[in-house]
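Novice: Below you will find the structure I want to go over with you.
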Amino acid sequence: MIIQPSIRMNVAFNAHPLGIKRYIDQQIADIKGKPTFVGPKKALIIGGSTGYGLATRLSLAFGSQTDTINVSLEGQPTDKRTGSSGFWNNAYAAAAIREAGLVTKDFIGDAFSFEMKKCVADYIKKEFGGKIDLLVYSLASGKRTDPRTGITYSSTLKVIGEPLTGNTLDINTGELLERTIEAATTEEIANTIKVMGGEDWKMWIEFLLEEDLLADTFKTVTYSYIGPKATEKIYREGTIGAAKEDMERTAFELDAVLKNAVNGEALPVVCRAAVTRASAVIPIFPLYSSALTQVMKEKQIEELPHEHIHRLYIDMLYGNKRELDAEGRVRPDNWELREDVQSEVDALLAQVTEENVHTILDTSSFSNIFLAQNGFGFEDVDYSADIDLPKLQEIAIFEEV
Ligand code: NAD
122 MIIQPSIRMN VAFNAHPLGI KRYIDQQIAD IKGKPTFVGP KKALIIGGST
172 GYGLATRLSL AFGSQTDTIN VSLEGQPTDK RTGSSGFWNN AYAAAAIREA
222 GLVTKDFIGD AFSFEMKKCV ADYIKKEFGG KIDLLVYSLA SGKRTDPRTG
272 ITYSSTLKVI GEPLTGNTLD INTGELLERT IEAATTEEIA NTIKVMGGED
322 WKMWIEFLLE EDLLADTFKT VTYSYIGPKA TEKIYREGTI GAAKEDMERT
372 AFELDAVLKN AVNGEALPVV CRAAVTRASA VIPIFPLYSS ALTQVMKEKQ
422 IEELPHEHIH RLYIDMLYGN KRELDAEGRV RPDNWELRED VQSEVDALLA
472 QVTEENVHTI LDTSSFSNIF LAQNGFGFED VDYSADIDLP KLQEIAIFEE
522 V
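Residue numbers (this note's numbering): 122 to 522.
So this is what it looks like as structure tokens:
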């Protein structure tokens, strides 16, 4: 199969395995070049195939020699399809982790189901040493079937209140596109909370606690976002923000339960804005992210997801530089939200026109990161070569649930 990028409206429909290998190797090399830390011995990552979850898997393995289990929902290759980027991320990340002498395991299937929770619990009991000391909840999903009722809910990216019109950037064409984001109904808000709120995270923790699989001083973290004024209507004050508030409330509930049960803790971590499969489709986000990168590069504080996550784990989760806000949330987004950064981002966004967008904002980093995450844009990969997917796929070791 010859694999050229197939991207429409900031969604990638294919991935190049050889480019993905480069992308994974780059992240591992970066992490190996940073200080190590004494972190968890055994971690479970829910949503560890792409974005922040993948960054966490790599940072833990190569920064702290942590054994990892990853649960993700990814498309496998077929005669006609390349398989998703997350599928190949899993394959190459797990191979490198095993080569480093660590234990790692991939479950592919629906994290929201009872069946997945049971399979993971069995594996922890029988093959993973009996207990975990960290669970990272890093899911981003468009839908969820509640396993207790069988009802499927969909999340929506809408505003709450008045509709909002703003610009976004099409990665494929480089064009600025005007988008109007509709106001959500009460039902859409509730459904987004059902999918992206804290209910499933709580079910995972309660189930693993009942099964006695959480070690003493166990930690669990979830990744949240607050962001600046520039994105607040679409993000924090929108449907997804309502779900994040629910997630944060769940963290405080779980924290009390875990303190009592295993002397543990549950923490909501507010991460910085990053280009990922989930964020690239959020209207306005591509422009904001390009302005942010422009400013943060100039100030020499730009971080890719794996660098951001590595700083979080070294300094704030397993180090002594934890920064908490008044609500008890961990705040590695402190660099993004610095006043000098945000005032410069706002000034840039206020000047954007179709003519200057690619000169005043760092839109090329946005597109290049997105392409790299799907295995494209690497100089030493021959994109005209015929790729033997079944042969490459032999490296992928996973359990389908
Ligand atoms: P992503 O799309 O890169 O990753 C989502 C992960 O969820 C993937 O591993 C995917 O396989 C998995 N997944 C989705 N549905 C699943 C299912 N039913 N069963 C099993 N796995 C499933 O997204 P991301 O941007 O890395 O987001 C991860 C978390 O970080 C989210 O909670 C997001 O809100 C949060 N966050 C993201 C940003 C950002 O700017 N990207 C900023 C702050 C916080």
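Yeah, the Cβ is synthetic: ideal placement off N, Cα and C, and Gly gets one too.
On the DSSP bridge assignment, give the partners of P389 in chain order.
Specialist: Taking the first residue of the sequence shown as position 1, residue 389 is located at position 268. P389 is bridged to T343.
Novice: Please return the same chain residues whose Cβ sits closer than 7 Å to the Cβ of N455, not counting the five positions on each side in sequence.
Specialist: Working through the sequence shown from its first residue, we reach residue 455 at position 334. For N455, where only same-chain residues beyond five positions count, the Cβ hits under 7 Å are E444.
Novice: Within 10 angstroms of its Cβ, does P284 collect 16 or more other Cβ (buried), or is it exposed?
Specialist: Working through the sequence shown from its first residue, we reach residue 284 at position 163. By the 10 Å Cβ count, P284 comes out exposed.
Novice: Using the Cβ count rule (16 or more neighbours within 10 Å means buried), how would you classify K226?
Specialist: In the sequence shown, the residue the question calls residue 226 occupies position 105. So K226 counts as buried.
Novice: In chain order, what residues of the same chain lie with their CB nearer than 7 Å to the CB of G348, ignoring the 5 residues before and after it?
Specialist: Here residue 348 refers to the residue found at position 227 when the sequence shown is read from its first residue. Same-chain partners within the cutoff: Y356, R357 and A394.
Novice: Under three-state DSSP, which class holds E299?
Specialist: As a first step, residue 299 must be located in the sequence shown, where it is residue number 178. Strand, per DSSP.
Novice: What does DSSP give as the partner residue(s) for Y356 in the beta ladder?
Specialist: Taking the sequence shown and counting its residues from 1, the one referred to as residue 356 is at position 235. Beta-bridge pairing links Y356 to no other residue.
Novice: Quick check: does the Cβ of V517 come within less than 7 Å of any heavy atom belonging to ligand 1?
Specialist: Within the sequence shown, numbered from 1, the residue matching residue 517 stands at position 396. Rather than Val, the amino acid found at residue 517 in this sequence is Ala. Result no, Cβ not under 7 Å from ligand 1.
Novice: Could you round the C-beta distance between A387 and L375 to whole angstroms and report it? I think they count as a contact, below 8 Å.
Specialist: The residue labelled residue 387 in the question sits at position 266 within the sequence shown. The residue labelled residue 375 in the question sits at position 254 within the sequence shown. Indeed they touch by this definition, with Cβ atoms about 4 Å apart.
Novice: According to the neighbour-count rule (16 or more other Cβ atoms, all chains shown, within 10 Å of its Cβ), is G282 buried or exposed?
Specialist: Counted from its first residue, the sequence shown places residue 282 at position 161. G282 is exposed by the Cβ-count criterion.
Novice: So, for L297: in the same chain, excluding its five sequence neighbours on each side, which residues have a beta-carbon less than 7 Å away from its beta-carbon?
Specialist: Position 176 of the sequence shown holds residue 297. Closer than 7 Å at Cβ, skipping near neighbours: N288, L290, E475 and V478.
Novice: Just to confirm, does D467 get its C-beta within under 7 Å of one of the non-hydrogen atoms of ligand 1?
Specialist: Here residue 467 corresponds to residue number 346 of the sequence shown, with the count starting at 1. D467: no, Cβ never under 7 Å from ligand 1.
Novice: So, is the C-beta of N489 closer than 8 Å to a C-beta in chain D?
Specialist: No chain D appears in the structure shown, which is made up of a single protein chain.
Novice: Check whether the Cβ atoms of V257 and A164 sit closer than 8 Å, and answer yes or no.
Specialist: Within the sequence shown, numbered from 1, the residue matching residue 257 stands at position 136. Within the sequence shown, numbered from 1, the residue matching residue 164 stands at position 43. Closer than 8 Å, so yes.
Novice: What is the DSSP secondary structure of S127, reduced to helix, strand or coil?
Specialist: Position 6 of the sequence shown, counted from the start, is the residue given in the question as residue 127. S127 falls in the coil class under three-state DSSP.
Novice: Rounded C-beta distance between V342 and L438? I'm assuming under 8 Å.
Specialist: As a working mapping, residue 342 is identified with position 221 in the sequence shown. As a working mapping, residue 438 is identified with position 317 in the sequence shown. So it is a contact: roughly 7 Å between Cβ atoms.
Novice: For R398, is the beta carbon positioned less than 7 Å from some heavy atom of ligand 1?
Specialist: For this step, residue 398 is matched to residue 277 along the sequence shown. True, at least one ligand heavy atom lies under 7 Å from that Cβ.
Novice: Below 7 Å CB to CB, which residues in the same chain sit around S170 once its five sequence neighbours on both sides are set aside?
Specialist: Mapped onto the sequence shown, residue 170 falls at position 49. Contacts found: N191, S193, E195, G207, N210 and N211.
Novice: For the segment 239-266, list the alpha helix (DSSP H) runs that are entirely contained and at least 4 residues long, ordered along the chain.
Specialist: For the segment 239-266, not a single whole alpha helix (DSSP H) run of length 4 or above is found.
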